[in-house]
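A.B. asks: Residue 97 in my numbering sits at position 84 of the sequence shown, and the numbers go up by one each step.
What follows is a structure written as structure tokens; I'll ask about it next.
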Amino acid sequence: MSKDELILTPEGLAELKAELEDLKTVKRKELAERLKVAISYGDLKENSEYHSAKDDQAFMETRILQLEKTLTKARVVKSIDASVVSVGSYVKLDDIEFKETVEYRIVSPAEADAHNNKISYESPLGKELIGKAVGDVVSVTAPMGVIKYEVLDIRAK
């Protein structure tokens, strides 16, 4: 994997494309309407609705550029080898110290979502897990110290 390449799951690619399409079609039209209404209030210097809409427009256009750049660098994972952890794998881990079982999906940084147990292959834990097999133990340095996990299971779906 080259430094400029971003590995995405098929679902991640679809989500990013859908977000980009929504921003370019629906959200741009909504913002254009907000700007039109705000401009109709006159005196743009002290028009908070206008300034808010312009800020939102700048944020949205930046996000569109980010998504377009991400999609040009994207390579989609076609198949997952369940014998080792790779991008797209579901990994069940045993927290050795606390005797807790956790499950994560290894995804790209663009897809990472800790609330939904999706961790980036660039995160400390993701980096340690890539290439590991069932039974392997990984150590990750965290603010509270070193955490050790044993790989219990690897699934493609």
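Where is the CB? At the ideal position from N, CA and C, for every residue including glycine.
If you're wondering where the values come from, they're calculated on a predicted model, not measured in any experiment.
Compare the beta carbon distance of S92 and I119 with 8 Å and say whether it is the shorter of the two.
C.D. replies: no
A.B. asks: What three-state label does DSSP hand S61 in the structure shown?
C.D. replies: helix
A.B. asks: Name the residue from K131, S152, D17 whose alpha carbon lies nearest to the alpha carbon of E163.
C.D. replies: S152
A.B. asks: Could you pull the DSSP bridge partners for E163 from this structure?
C.D. replies: D107, V150
A.B. asks: With R41 and S102 assumed to form a contact (beta carbons below 8 Å), what rounded beta-carbon distance in angstroms separates them?
C.D. replies: The Cβ separation is near 37 Å, so there is no contact.
A.B. asks: Using 8 Å for Cβ pairs, my map puts A87 next to L26. What's the rounded Cβ distance?
C.D. replies: 6 Å
A.B. asks: To the nearest whole angstrom, what separates the beta carbons of K161 and E110, a pair I think is in contact under 8 Å?
C.D. replies: 7 Å
A.B. asks: Quick check on this structure: which residue in I143, G158, V150, L19 has the alpha carbon closest to the alpha carbon of L80?
C.D. replies: L19
A.B. asks: Taking E116 and N130 to be in contact with their CB atoms under 8 Å, please state how far apart those CB atoms are, rounded to whole angstroms.
C.D. replies: Contact flag correct, Cβ pair sits at about 6 Å.
A.B. asks: Would you mind reading off the limits of the alpha helix (DSSP H) that contains K30?
C.D. replies: 23-35
A.B. asks: Output needed for L57: all residues of its chain with C-beta closer than 7 Å, excluding positions within five of it in sequence on either side, in chain order.
C.D. replies: Y63
A.B. asks: Enumerate in chain order the residues of its own chain whose CB-to-CB distance from K67 is below 8 Å, with the five nearest sequence positions on each side excluded.
C.D. replies: L48
A.B. asks: Between the Cα of V90 and the Cα atoms of P23, K82, Y134, which residue gives the shortest distance?
C.D. replies: It is P23.
A.B. asks: To the nearest angstrom, how far is the alpha carbon of T38 from that of E32?
C.D. replies: 10 Å
A.B. asks: Run through the segment 94-145 for me and flag every whole alpha helix (DSSP H) of 4 or more residues, listed as ranges in chain order.
C.D. replies: 137-142
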